[in-house]
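Beneath this line is the structure, given in structure tokens, with notes to follow.
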Amino acid sequence: MGSGDWLRFIFHSAPPVSPPPASLCSSASPPSTTPTQWRVLEAKLHGHNTSIHSSSSSRPTPSPTVLASRLPAKLNQLQLGLRARARGAAMALLSATSPAKAHFSALFLCHDEPQHGHALPPAPHPQCSGAGNRLRARGRWSVSAAVAPAPAGAKEEEKRKPRVLVAGGGIGGLVFALAARRKGYEVTVFERDLSAVRGEGQYRGPIQIQSNALAALEAIDMSVAEEVMRAGCVTGDRINGLVDGISGSWYCKFDTFTPAAERGLPVTRVISRMTLQQILARAVGDDAILNGSHVVDFIDDGSKVTAILEDGRRFEGDLLVGADGIWSKVRKTLFGHSEATYSGYTCYTGIADFVPPDIDTVGYRVFLGHKQYFVSSDVGAGKMQWYAFHKEEAGGTDPENGKKKRLLEIFSGWCDNVIDLINATEEEAILRRDIYDRPPTINWGKGRVTLLGDSVHAMQPNLGQGGCMAIEDGYQLAVELENAWQESVKSGTPMDIVSSLKRYEKERRLRVAIIHGLARMAAIMATTYRPYLGVGLGPLSFLTKLRIPHPGRVGGRFFIMIGMPAMLSWVLGGNSSKLEGRPLSCRLSDKANDQLYRWFEDDDALEQAMGGEWYLFPISEGNSNSLQPVRLIRDEQRAISFGNRSDPSDSASSLALPMPQISERHATITCKNKAFYLTDLGSEHGTWITDNEGRRYRVPPNYPVRFHPSDVIEFGSDQKAMFRVKVLNTLPYESARRGKQQQQQQVLQAA
1 MGSGDWLRFI
11 FHSAPPVSPP
21 PASLCSSASP
31 PSTTPTQWRV
41 LEAKLHGHNT
51 SIHSSSSSRP
61 TPSPTVLASR
71 LPAKLNQLQL
81 GLRARARGAA
91 MALLSATSPA
101 KAHFSALFLC
111 HDEPQHGHAL
121 PPAPHPQCSG
131 AGNRLRARGR
141 WSVSAAVAPA
151 PAGAKEEEKR
161 KPRVLVAGGG
171 IGGLVFALAA
181 RRKGYEVTVF
191 ERDLSAVRGE
201 GQYRGPIQIQ
211 SNALAALEAI
221 DMSVAEEVMR
231 AGCVTGDRIN
241 GLVDGISGSW
251 YCKFDTFTPA
261 AERGLPVTRV
271 ISRMTLQQIL
281 ARAVGDDAIL
291 NGSHVVDFID
301 DGSKVTAILE
311 DGRRFEGDLL
321 VGADGIWSKV
331 RKTLFGHSEA
341 TYSGYTCYTG
351 IADFVPPDID
361 TVGYRVFLGH
371 KQYFVSSDVG
381 AGKMQWYAFH
391 KEEAGGTDPE
401 NGKKKRLLEI
411 FSGWCDNVID
421 LINATEEEAI
431 LRRDIYDRPP
441 TINWGKGRVT
451 LLGDSVHAMQ
461 PNLGQGGCMA
471 IEDGYQLAVE
481 LENAWQESVK
491 SGTPMDIVSS
501 LKRYEKERRL
511 RVAIIHGLAR
521 MAAIMATTYR
531 PYLGVGLGPL
541 SFLTKLRIPH
551 PGRVGGRFFI
561 MIGMPAMLSW
571 VLGGNSSKLE
581 GRPLSCRLSD
591 KANDQLYRWF
601 EDDDALEQAM
611 GGEWYLFPIS
621 EGNSNSLQPV
631 RLIRDEQRAI
641 SFGNRSDPSD
651 SASSLALPMP
661 QISERHATIT
671 CKNKAFYLTD
681 LGSEHGTWIT
691 DNEGRRYRVP
701 PNYPVRFHPS
711 DVIEFGSDQK
721 AMFRVKVLNT
731 LPYESARRGK
741 QQQQQQVLQA
751 A
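Going left to right, the sequence shown walks through residues 1 to 751 as the UniProt record's numbering numbers them.
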């Protein structure tokens, strides 16, 4: 059988599929290449000495090695359609030989040198092994092979995919570049400073990649998505939501796990911005990223686009994508100068080596206050990321080394979760920036130029969807370009780039506008949030001491709890139906705790699941300097007793508080079902608790009363001993263990 007959046998034996695009294959004279340009893994047929004969020749089948030398040259990167055809061919060959003894290993031919316009860097070769009629590659049925196109596709040989220019190497620009390259487009990314791309996270901190964005990454490149998810810290499998900043009490809990699980999506993660951009830049390839290049202008002549760099260099392409952020030069050239909208908030951000005691049950929290709010999130490796928002004029500054001090003043009186995290952060790790956004416009582009991400719809960070929307943009734009290309191949007409860009804008416009509006609403809610009557009322602020819940707080909570599940379901899963080629699947590694839904309903159960060690820290008012912190023990068989002298028979569990109003046997603390209870033993001056809402009440004699973290316990009424209840973490991360002594010292000093 000749090489032509062999190839016809392969194609005619395969299941009928669409031929690959002509731009990915070409026929030419036999190759003239070196061993470094081609990698050949021979296909071997073991078993009987079986020959396959054509109907017109009795010659034996040439060996795969000989066959490889006869294959045409200039074979480009394989696409899915070509792999499917090769897979069918392999199965046909296996069935033609002895099923019991046949053994087949794949033939891989990958050219090392990318071709102009559409080739990709060589994909990694799967490890293949086979036995009988089975082929397996890394857990998936696959065979990769390089073959020449059928002669019928020779007319497509002259067509090439458009050359894409991308202004900006941030997350949105890199994701689109990756998606376009995976579809065979030649892409050039212009980035002003590659080190700034990879170091951006040092300024802006980790980024939340929610389920919708992770699913889009999976649809673009599964291996890249897997790397991102391995590097990220899962937060969607825990409790997330809103809490009152002063009391620390839950206002509304968010279930981000169920929408992902029901739709077969990955669970939300938080990842370092630097790590994410490094992964994406590696996947796109250094050859496609032009460092030291800043697009400041462009010329669209109707048939081509020329990007003009700051240093005067010019680059020509078939379309230009502006992914250069909120201060986009491409946007300015398209639509003229327009001011970004100041949100009214300045933002302090920091990362601390700090592990809260509820790290296993809570992913992130938004602490609400009037004209200020605070966000904390686990980012893995024993670190917590936080954002502190304060309503004030833009352009403000702080004195040198004065950020931490000002934050402690702004959030004075807030719950321990906030104060402890600020105290645990080094001054040098705190950064400040004003928050701006841009309302999305009806038109995202003109002609052969369009925008994506922050350049067209910069969002406030309240929903954590800014980067996620840029990832969705990048996926959708690549899909619309590919659809237009396939249509041009079928019809034999030039690719309509302008129409494909318009379709992309139409597909994205409504969803982006809604999520942009939701992000602004979240900021408005923080601005108007009032926990109690009297807050923000000037002369009537004395009403705050009465701790009367504000009607707006009560009503707002009701509507949030009603509308939040539907909103989260649409935000996290509303785009999943548009993702092509992504199977619905959930990972065992994303499995949530079996008690998750109980924690949503029961705050006490959530507190009981909290790790860490409970302490009573003495506070200054009315205290003797001799008082020391008291460690509470979760042992239901032992009780800690308090009195003006210790019990000689049980000195380990008896604590002396040498103060006038402390009775000889004043009170005890016991543990039951991982909760702690305080019992007054009929003391003369009583035992008092001030809860995290600021309500003070006397503990009834001989009746155990449960207390909680942040509560204040008073033994006596006037000359009293006062303690604040605090829970310190058990430091599950190795990096946090190294900072245990420093963290506990910081908390002790703050108390």
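By construction, the Cβ of each residue, glycine as well, lies at the ideal position given by its N, Cα and C atoms. Being a predicted model, the structure only gives us computed values, none of them experimental.
Secondary structure of residue i, DSSP reduced to three states
{"i": "residue 529", "result": "coil"}
{"i": "residue 278", "result": "helix"}
{"i": "residue 485", "result": "helix"}
{"i": "residue 722", "result": "strand"}
{"i": "residue 229", "result": "helix"}
{"i": "residue 208", "result": "strand"}
{"i": "residue 704", "result": "coil"}
{"i": "residue 392", "result": "coil"}
{"i": "residue 215", "result": "helix"}
{"i": "residue 606", "result": "helix"}
{"i": "residue 374", "result": "strand"}
{"i": "residue 599", "result": "helix"}
{"i": "residue 266", "result": "coil"}
{"i": "residue 553", "result": "helix"}
{"i": "residue 128", "result": "A caution first: residue 128 carries a pLDDT of 36, below 50, which makes its placement in the model unreliable, though a value can still be read off. Three-state DSSP puts residue 128 in a strand."}
{"i": "residue 298", "result": "strand"}
{"i": "residue 559", "result": "helix"}
{"i": "residue 573", "result": "helix"}
{"i": "residue 111", "result": "Only weak support is given to the placement of residue 111: the predicted model assigns it a pLDDT of 35, under 50, and the value that follows is read from those uncertain coordinates. Of the three classes helix, strand and coil, the one that applies to residue 111 here is strand, per DSSP."}
Residue of the options minimising C-alpha distance to residue i
{"i": "residue 599", "options": "226, 206, 374 and 362", "result": "362"}
{"i": "residue 169", "options": "239, 222 and 325", "result": "325"}
{"i": "residue 710", "options": "717, 728, 716 and 698", "result": "728"}
{"i": "residue 560", "options": "636, 254 and 217", "result": "254"}
{"i": "residue 700", "options": "672, 547 and 667", "result": "667"}
{"i": "residue 242", "options": "235, 369, 628 and 684", "result": "369"}
{"i": "residue 302", "options": "235, 683 and 446", "result": "446"}
{"i": "residue 532", "options": "164, 213, 246 and 236", "result": "246"}
{"i": "residue 268", "options": "654, 184, 212 and 466", "result": "212"}
{"i": "residue 439", "options": "510, 468, 373 and 592", "result": "510"}
{"i": "residue 434", "options": "240, 412, 420 and 391", "result": "391"}
{"i": "residue 352", "options": "512, 716, 458 and 423", "result": "423"}
{"i": "residue 755", "options": "425, 335, 415 and 238", "result": "Examination of residue 755 is not possible in this model, given that the chain is present from 1 through 751 alone."}
{"i": "residue 441", "options": "586, 516 and 420", "result": "516"}
{"i": "residue 381", "options": "359, 718 and 567", "result": "359"}
{"i": "residue 704", "options": "656, 277 and 679", "result": "679"}
{"i": "residue 630", "options": "654, 450 and 338", "result": "654"}
{"i": "residue 220", "options": "697, 183 and 207", "result": "183"}
{"i": "residue 321", "options": "691, 590 and 474", "result": "474"}
{"i": "residue 293", "options": "471, 164 and 313", "result": "313"}
{"i": "residue 726", "options": "639, 470 and 691", "result": "691"}
Per-residue burial, residue i [other beta carbons within 10 Å of its own, 16 or more giving buried]
{"i": "residue 643", "result": "buried"}
{"i": "residue 37", "result": "For residue 37, the pLDDT reaches just 38, beneath the cut-off of 50, and the residue's location in the model is therefore unreliable, leaving the point undetermined."}
{"i": "residue 405", "result": "exposed"}
{"i": "residue 588", "result": "exposed"}
{"i": "residue 286", "result": "exposed"}
{"i": "residue 428", "result": "exposed"}
{"i": "residue 615", "result": "buried"}
{"i": "residue 327", "result": "exposed"}
{"i": "residue 628", "result": "exposed"}
{"i": "residue 558", "result": "exposed"}
{"i": "residue 357", "result": "buried"}
{"i": "residue 180", "result": "buried"}
{"i": "residue 645", "result": "exposed"}
{"i": "residue 75", "result": "Confidence at residue 75 is low in this model, with a pLDDT of 38, below 50, so its placement is unreliable and no value can be given for it."}
{"i": "residue 337", "result": "exposed"}
{"i": "residue 339", "result": "exposed"}
Ordered list of alpha helix (DSSP H) runs contained in the stretch 155 to 187, each at least 4 residues: 171 to 182
**Prompt:** Taking only runs of the beta strand (DSSP E) that begin and end inside the UniProt domain "FHA" (640 to 694), which ones reach a length of at least 3 residues, in chain order?
**Reply:** 640 to 643, 654 to 656, 667 to 672, 675 to 680 and 687 to 690
Sufficient close CB pairs (3 or more, under 8 angstroms) joining the stretch 515 to 528 to the stretch 492 to 499: no
- Segments assigned beta strand (DSSP E), at least 3 residues, entirely inside the stretch 443 to 530: Listed in chain order, the complete beta strand (DSSP E) runs (minimum 3 residues) inside the stretch 443 to 530 are 449 to 451.
- Message: Would the stretch 391 to 400 count as touching the stretch 568 to 576 if we require 3 or more Cβ pairs under 8 angstroms?
- Response: Look at the beta carbons and you see the stretch 391 to 400 not touching the stretch 568 to 576: under three pairs across the two are nearer than 8 angstroms.
- Report yes or no: do the stretch 310 to 318 and the stretch 205 to 221 share at least 3 C-beta pairs separated by less than 8 angstroms? no
| said: Threshold first: 4 residues or longer. Then list the alpha helix (DSSP H) segments lying entirely within the stretch 403 to 435, N to C. | reply: 403 to 410 and 416 to 423
message = For the stretch 261 to 280 against the stretch 221 to 237, do three or more pairs of beta-carbon atoms, one drawn from each stretch, fall closer than 8 angstroms, so that the two count as touching?
response = yes
Where are the beta strand (DSSP E) runs, 3 residues long or more, that stay fully inside the stretch 289 to 336, in chain order? For the stretch 289 to 336, whole beta strand (DSSP E) runs of length 3 or above, ordered along the chain, are 289 to 291, 295 to 300, 305 to 309, 314 to 317 and 319 to 322.
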